[in-house]
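Trainee: Have a look at the structure that comes next, please.
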Amino acid sequence: MGRGRPAERSEDGRVRGRDISRGCNPSPQPSPNGRGGVPCSLNHSQSDAADRPCIVVAKQNNALQIFALNDAAARLGLDVGLPLANARAIVPDVQVFDADEPADSGTLNDIADWCDRFTPLVALDPPHGLFLDISGCAHLFGGEAAMLETICRALTRQGFAVSAAIAGTPVCARALTRHVSGRIVREGEEAAAVQALPVFTLGVDEAIIGGLRRAGLKTIGDVAARERHEITARFGARFTALLEQALGQSDAPISPRKLPPDYMVEKRFAEPVATDAVIAAALSGLAQTLIAAMERHGKGARQLDASFFRTDGTVRTISVETGQPVTRVAVIERLFRERFDALADPLDPGFGFDLMRLSASRTDGVVEAQRDLDAHVHDNDELAALIDRIAARIGGRRIVVHLPQDSHIPERALLAVPAQHHLTAAAVAEWPARIEGEPPLRPLRLFARPEPIEVLFAEVPDKPPTRFKWRRACHTVVRAEGPERVAMEWWHGLREVSARDYFRVEDEAGLRFWLYRDGLYGESAEQQAGQPDWFLHGLFA
Amino acid sequence: MMSARMSTLARLRTDIDRLQGDADGTLSRTALGHAGADAVLQGGLVHGAVHEVFAQGCQSAAATGFVVGLARRVAVRRPLLWVRQDFSALENGALSMHGWRELGLDPRRVVMVYAHDVETALQVTADALACDALGAVVMEIWGETRQFDLVASRKLTLAAREAGVTGLVLRLAAAPSPSTAETRWIVHAARSPPVAPWQAWGAPVFDARLARNRHGPTGHWIMEWNCDECLFRDALFGDAAAHPQPVAAAPADRSHQAGEIAQWRRTG
Numbered sequence: 099m100g101r102g103r104p105a106e107r108s109e110d111g112r113v114r115g116r117d118i119s120r121g122c123n124p125s126p127q128p129s130p131n132g133r134g135g136v137p138c139s140l141n142h143s144q145s146d147a148a149d150r151p152c153i154v155v156a157k158q159n160n161a162l163q164i165f166a167l168n169d170a171a172a173r174l175g176l177d178v179g180l181p182l183a184n185a186r187a188i189v190p191d192v193q194v195f196d197a198d199e200p201a202d203s204g205t206l207n208d209i210a211d212w213c214d215r216f217t218p219l220v221a222l223d224p225p226h227g228l229f230l231d232i233s234g235c236a237h238l239f240g241g242e243a244a245m246l247e248t249i250c251r252a253l254t255r256q257g258f259a260v261s262a263a264i265a266g267t268p269v270c271a272r273a274l275t276r277h278v279s280g281r282i283v284r285e286g287e288e289a290a291a292v293q294a295l296p297v298f299t300l301g302v303d304e305a306i307i308g309g310l311r312r313a314g315l316k317t318i319g320d321v322a323a324r325e326r327h328e329i330t331a332r333f334g335a336r337f338t339a340l341l342e343q344a345l346g347q348s349d350a351p352i353s354p355r356k357l358p359p360d361y362m363v364e365k366r367f368a369e370p371v372a373t374d375a376v377i378a379a380a381l382s383g384l385a386q387t388l389i390a391a392m393e394r395h396g397k398g399a400r401q402l403d404a405s406f407f408r409t410d411g412t413v414r415t416i417s418v419e420t421g422q423p424v425t426r427v428a429v430i431e432r433l434f435r436e437r438f439d440a441l442a443d444p445l446d447p448g449f450g451f452d453l454m455r456l457s458a459s460r461t462d463g464v465v466e467a468q469r470d471l472d473a474h475v476h477d478n479d480e481l482a483a484l485i486d487r488i489a490a491r492i493g494g495r496r497i498v499v500h501l502p503q504d505s506h507i508p509e510r511a512l513l514a515v516p517a518q519h520h521l522t523a524a525a526v527a528e529w530p531a532r533i534e535g536e537p538p539l540r541p542l543r544l545f546a547r548p549e550p551i552e553v554l555f556a557e558v559p560d561k562p563p564t565r566f567k568w569r570r571a572c573h574t575v576v577r578a579e580g581p582e583r584v585a586m587e588w589w590h591g592l593r594e595v596s597a598r599d600y601f602r603v604e605d606e607a608g609l610r611f612w613l614y615r616d617g618l619y620g621e622s623a624e625q626q627a628g629q630p631d632w633f634l635h636g637l638f639a
Numbered sequence: 131m132m133s134a135r136m137s138t139l140a141r142l143r144t145d146i147d148r149l150q151g152d153a154d155g156t157l158s159r160t161a162l163g164h165a166g167a168d169a170v171l172q173g174g175l176v177h178g179a180v181h182e183v184f185a186q187g188c189q190s191a192a193a194t195g196f197v198v199g200l201a202r203r204v205a206v207r208r209p210l211l212w213v214r215q216d217f218s219a220l221e222n223g224a225l226s227m228h229g230w231r232e233l234g235l236d237p238r239r240v241v242m243v244y245a246h247d248v249e250t251a252l253q254v255t256a257d258a259l260a261c262d263a264l265g266a267v268v269m270e271i272w273g274e275t276r277q278f279d280l281v282a283s284r285k286l287t288l289a290a291r292e293a294g295v296t297g298l299v300l301r302l303a304a305a306p307s308p309s310t311a312e313t314r315w316i317v318h319a320a321r322s323p324p325v326a327p328w329q330a331w332g333a334p335v336f337d338a339r340l341a342r343n344r345h346g347p348t349g350h351w352i353m354e355w356n357c358d359e360c361l362f363r364d365a366l367f368g369d370a371a372a373h374p375q376p377v378a379a380a381p382a383d384r385s386h387q388a389g390e391i392a393q394w395r396r397t398g
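Residue numbers (our numbering), protein chains in the order written: chain A, 99 to 639; chain B, 131 to 398.
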């Protein structure tokens with residue numbers, strides 16, 4: 099069942115609703131080989147290691163201190179912040195692992211990817227938390243309690259220690275998770291819920307916590323009972339704002355990792371699917387629903403993302419871009435087929451996908467034009483479709499059209515731009531007209547970097563070379579035309595670069611070259627005895 | 131007995147014709163403009179087929195010019211897709227749209243594809259040949275390749291025939307190898323015809339040898355591309371215009387005159 103729905107937003111533009119905050123603490127099982135993987139499945143061979151004290155250490159204040167530990171270690175009296183030396187003295191056979199913060203944040207990101215299956219609005223709360231905006235989503239999972247239960251169970255099964263809560267504001271939910279897992283706070287009851295929590299659950303600096311303790315304010319309720327201006331004067335406006343959010347008196351939106359797509363459809367599978375045929379069929383079904391949803395608003399997709407959620411938690415997203423808004427299912431299918439064929443590491447279903455999602459993250463209005471008898475219009479559409487397919491296969495920057503630039507320096511007179519986005523601009527570009535009756539004055543093939551040539555003899559001051567050597571072959575000039583002087587653009591600060599004298603020459607075999615002398619004879623003292631260098635810049639047909 | 135054998139023979143012939151897929155007389159052609167070549171090609175270059183142009187490494191620009199000319203004749207005002215291998219641009223320089231304009235073509239109708247390797251180029255070309263909005267598809271590849279074998283060639287031919295789009299394969303620094311191409315050309319640059327010192331010189335002149343022609347004889351001509359009228363014609367070597375072979379070296383080549391450029395047209 100795909101559900102097409104535009105992203106839900108209330109009238110005032112703010113994302114309203116209920117936030118789940120999830121603290122996942124990957125530390126109790128510091129399994130180094132589980133870190134990279136996502137929501138990493140715990141190694142069963144290590145399950146007996148749960149009984150052994152394990153600690154993760156990191157360098158803080160120039161000493162190795164405990165960064166995280168498991169329950170067994172905690173029972174033996176170890177604690178976060180204890181120096182490693184002390185820990186070893188207390189528990190000689192403690193297992194020690196090095197902290198790897200980039201890997202931790204990678205894992206958190208992967209878990210956030212996995213959480214995309216519950217809501218498109220997932221925000222990171224580093225180092226160990228996630229915010230999920232579940233407004234309008236909970237009923238799809240059987241209500242808030244059931245959803246909380248589902249998420250916690252799935253993550254626990256994958257080896258993470260989870261603490262989650264649902265509340266009206268993210269800060270309130272986060273404070274609850276720091277105390278006890280599984281609380282659901284109804285709208286308007288936030289103040290009562292956090293009343294009894296200790297102040298550290300707000301997640302503020304040690305200095306502020308210390309200050310509050312010294313003032314005898316142990317719980318959030320104690321702090322809330324004071325006058326706001328007193329608190330602001332002592333701890334700053336930010337702390338007051340945080341406090342108000344925890345009490346549900348004000349709200350701040352979360353900043354999701356990804357912008358919610360304009361249109362999104364998804365399909366869940368009771369049994370994971372792994373075969374290509376079924377995946378393709380499911381994608382085609384999703385495309386149909388998506389097109390139908392967009393059609394109602396007269397939109398077409400410019401960028402499509404297909405996300406594949408594997409049963410083991412890995413999420414793979416594959417995007418395709420198009421030059422024209424796409425409004426046909428067949429086009430979407432073909433684009434993804436091209437993309438899949440060209441993937442460097444193919445889509446690996448592993449044990450199967452249990453959720454597939456297709457979203458249009460960028461859309462454009464479609465002008466419904468009636469096809470007239472002029473075949474030209476139709477041709478342009480077909481060309482655009484071909485360009486999209488090639489771009490999906492080899493990348494949009496490798497299929498280009500050309501725009502003339504207002505410069506007389508040969509290498510700057512041309513710009514290659516992606517065809518997907520500039521096809522119409524290129525079709526109406528104004529190119530300089532050629533002179534009737536003249537042979538070609540510009541070469542057909544131009545070297546990106548002019549190649550130095552060895553000129554054996556050239557008469558001063560402005561004659562072309564009579565002989566030159568290029569790529570170890572000697573060419574005798576039979577005909578020449580020039581010089582055509584191209585001065586550098588002084589208004590771009592290129593005054594120091596010397597002017598070039600271009601010559602069109604033909605050798606005895608009929609090969610035609612475009613040579614230039616870089617500067618004039620005797621122009622600068624640095625050049626050896628005033629001898630300017632010669633370069634070959636292009637080849638004429 | 132005899133008639134049975136004859137009918138078998140006729141049946142086999144029709145089978146072969148069917149497999150080769152050419153129903154006689156239905157092929158549309160484009161005249162190149164060069165009378166001799168058009169006569170040998172029975173009216174011009176066949177549409178919806180693959181034509182190959184081979185050249186040595188140092189003759190790349192001449193061969194490119196020849197292909198550009200063919201593409202212009204075939205595509206006329208329709209869009210053109212040019213698929214090039216990256217290495218070819220490194221080795222011979224990239225196709226410059228200003229030079230393209232100077233040859234009398236319209237750069238607005240060109241879409242260029244940069245392919246990393248031959249395999250990608252082949253895939254893209256086969257895909258593009260199936261799109262009948264295009265006037266022609268050019269594939270430019272460098273050097274000898276294993277990938278461009280008979281099978282790949284046949285794929286391109288079939289795709290081209292299906293959609294009626296003409297494919298032009300530019301093989302630089304490669305020796306001709308078996309393929310299913312309709313025609314195969316080997317191109318060199320040829321000297322500009324001798325002209326008076328004040329006259330313009332340097333219109334593209336090609337020494338083009340038709341080395342294979344599936345439906346007719348082969349030939350060898352010196353052609354000039356006329357940039358104003360956009361067609362090939364006989365290169366005018368003064369009174370020697372009728373010579374189909376390269377003419378004797380111009381006096382400028384003589385060794386005792388080597389220090390002097392025979393013809394220098396001053397500009398600037």
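A virtual CB, placed ideally from N, CA and C, is assigned to each residue, including glycine.
Taking the alpha helix (DSSP H) that residue 291 of chain B falls in, what are its first and last residues?
Mentor: Segment 280-293, the alpha helix (DSSP H) holding residue 291 of chain B.
Trainee: Any idea if residue 168 of chain A is buried or exposed, counting beta-carbon neighbours within 10 angstroms, 16 or more meaning buried?
Mentor: The residue in question, residue 168 of chain A, is buried, as its Cβ has 16 or more Cβ neighbours within 10 Å.
Trainee: Going by beta carbon distance, what residues of the same chain come within less than 6 Å of residue 144 of chain B, once the five residues before and after it are set aside?
Mentor: No residues qualify anywhere along the chain.
Trainee: In or out: residue 225 of chain A buried (at least 16 other Cβ within 10 Å) or exposed?
Mentor: Per the 10 Å Cβ criterion, exposed.
Trainee: Looking at chain A, which residues of the stretch 247-280 of chain B have a Cβ within less than 8 Å of any of its Cβ atoms?
Mentor: Flagged, chain order: 250, 253, 254, 257, 258, 261, 262, 263, 264.
Trainee: Return the first residue and the last residue of the beta strand (DSSP E) that residue 368 of chain A is part of.
Mentor: 361-371 is the span of the beta strand (DSSP E), which, as asked, contains residue 368 of chain A.
Trainee: Can you grab the Cα-Cα spacing for the pair residue 508 of chain A / residue 314 of chain B, in whole Å?
Mentor: Whole-angstrom Cα-Cα distance: 34 Å.
Trainee: Can you check whether the C-beta of residue 260 of chain A is within less than 8 Å of a C-beta belonging to chain C?
Mentor: No chain C appears in this structure, whose protein chains are A and B.
Trainee: Out of B:298, B:280, B:291, B:324, which has the shortest C-alpha to C-alpha gap to residue 203 of chain B?
Mentor: Minimum Cα distance to residue 203 of chain B is reached at B:298.
Trainee: Quick check on residue 157 of chain A: buried or exposed, where buried means 16 or more other Cβ atoms within 10 Å of its Cβ?
Mentor: So residue 157 of chain A ends up on the exposed side.
Trainee: Note down, in chain order, all residues in the stretch 536-554 of chain A with a beta-carbon under 7 Å from any beta-carbon belonging to chain B.
Mentor: Residues 536, 537, 538, 539, 540, 541, 542, 543, 544, 545, 546.
Trainee: Any idea if residue 506 of chain A is buried or exposed, counting beta-carbon neighbours within 10 angstroms, 16 or more meaning buried?
Mentor: So residue 506 of chain A ends up on the exposed side.
Trainee: Can you give the beta carbon distance from residue 243 of chain B to residue 275 of chain B, rounded, assuming they're within the 8 Å contact cut?
Mentor: The pair is not a contact, with the Cβ atoms about 17 Å apart (cut-off 8 Å).
Trainee: Mind checking if residue 295 of chain B is an interface residue toward chain A, Cβ cutoff 8 Å exclusive?
Mentor: Chain A contact via Cβ: absent.
Trainee: Which word fits residue 555 of chain A, buried or exposed, when buried means at least 16 other C-beta atoms lie within 10 angstroms of its C-beta?
Mentor: Its Cβ having fewer than 16 others within 10 Å, residue 555 of chain A is exposed.
Trainee: On a Cα-Cα basis, can you pick out the residue from B:331, B:341, B:196 that is closest to residue 312 of chain B?
Mentor: The residue with the shortest Cα to Cα distance from residue 312 of chain B is B:341.
Trainee: Looking only at its own chain, which residues have a Cβ that is under 8 Å from the Cβ of residue 339 of chain A, when we skip the five neighbours before and after it?
Mentor: Hits under 8 Å: 348, 350.
Trainee: If you pair each beta-carbon of the stretch 203-214 of chain B with each one of the stretch 317-327 of chain B, do three or more pairs fall below 8 Å?
Mentor: With a cut-off of 8 Å, the stretch 317-327 of chain B and the stretch 203-214 of chain B do not count as touching, because too few Cβ pairs lie within range.
Trainee: For a test of the three-state rule: what should DSSP assign to residue 106 of chain A, helix, strand or coil?
Mentor: Confidence at residue 106 of chain A is low in this model, with a pLDDT of 31, below 50, so the placement of that residue is unreliable and no value is reported for it.
Trainee: Measuring only the C-alpha atoms, how far is residue 214 of chain B from residue 255 of chain B?
Mentor: Between residue 214 of chain B and residue 255 of chain B, the C-alpha separation is close to 10 Å.
Trainee: Pick from A:478, A:344, A:309, A:317: whose alpha carbon is nearest that of residue 656 of chain A?
Mentor: Residue numbering for chain A in the displayed model covers 99 to 639; residue 656 of chain A lies beyond these limits and cannot be assessed.
Trainee: Between which two residues does the beta strand (DSSP E) carrying residue 356 of chain B extend?
Mentor: Note, residue 356 of chain B: beta strand (DSSP E), 349-356.
Trainee: Around the Cβ of residue 357 of chain A, are there at least 16 other Cβ atoms within 10 angstroms (buried) or fewer (exposed)?
Mentor: Result: exposed.
Trainee: Of all Cβ atoms in chain A, is any one closer than 8 Å to the Cβ of residue 209 of chain B?
Mentor: Residue 209 of chain B counts as touching chain A.
Trainee: Using the C-alpha atoms, what's the distance from residue 403 of chain A back to residue 218 of chain B?
Mentor: Distance between the alpha carbons of residue 218 of chain B and residue 403 of chain A is about 34 Å.
Trainee: Could you check if residue 136 of chain B is buried or exposed, using at least 16 other CB atoms within 10 Å of its CB as the buried criterion?
Mentor: Label assigned to residue 136 of chain B: exposed.
Trainee: With a threshold of 8 Å between beta-carbons, can residue 394 of chain B be considered close to chain A, or not?
Mentor: It does: the Cβ of residue 394 of chain B has a partner Cβ on chain A nearer than 8 Å.
Trainee: Take the Cβ of residue 219 of chain A as the centre, count every other Cβ of all protein chains shown within 10 Å, and call the residue buried at 16 or more, exposed below.
Mentor: That one is buried.
Trainee: Can you list, in chain order, the stretches of the beta strand (DSSP E) that have 3 or more residues and sit fully within the stretch 188-215 of chain A?
Mentor: Listed in chain order, they are 193-196.
Trainee: Should residue 529 of chain A be flagged as near chain B, meaning a C-beta pair shorter than 8 Å?
Mentor: Judged by the 8 Å Cβ criterion, residue 529 of chain A is in contact with chain B.
Trainee: Rounding to the nearest angstrom, what Cα-Cα distance links residue 356 of chain B and residue 251 of chain B in this structure?
Mentor: The alpha-carbon atoms of residue 356 of chain B and residue 251 of chain B are separated by roughly 30 Å.
Trainee: Hey, does residue 638 of chain A have any beta-carbon neighbour from chain B nearer than 8 Å?
Mentor: So, interface residue.
Trainee: Under three-state DSSP, which class holds residue 136 of chain A?
Mentor: Caution is warranted here: a pLDDT of 32 is assigned to residue 136 of chain A, below 50, making its placement in the model unreliable, and the coordinate value is therefore given only provisionally. Correct three-state label for residue 136 of chain A: coil.
Trainee: Opposite residue 600 of chain A in the DSSP bridges: which residues?
Mentor: Bridge partners of residue 600 of chain A: A:582, A:614.
Trainee: Can you tell me the Cα-Cα spacing of residue 173 of chain B and residue 363 of chain B, whole angstroms?
Mentor: One C-alpha to the other measures close to 14 Å.
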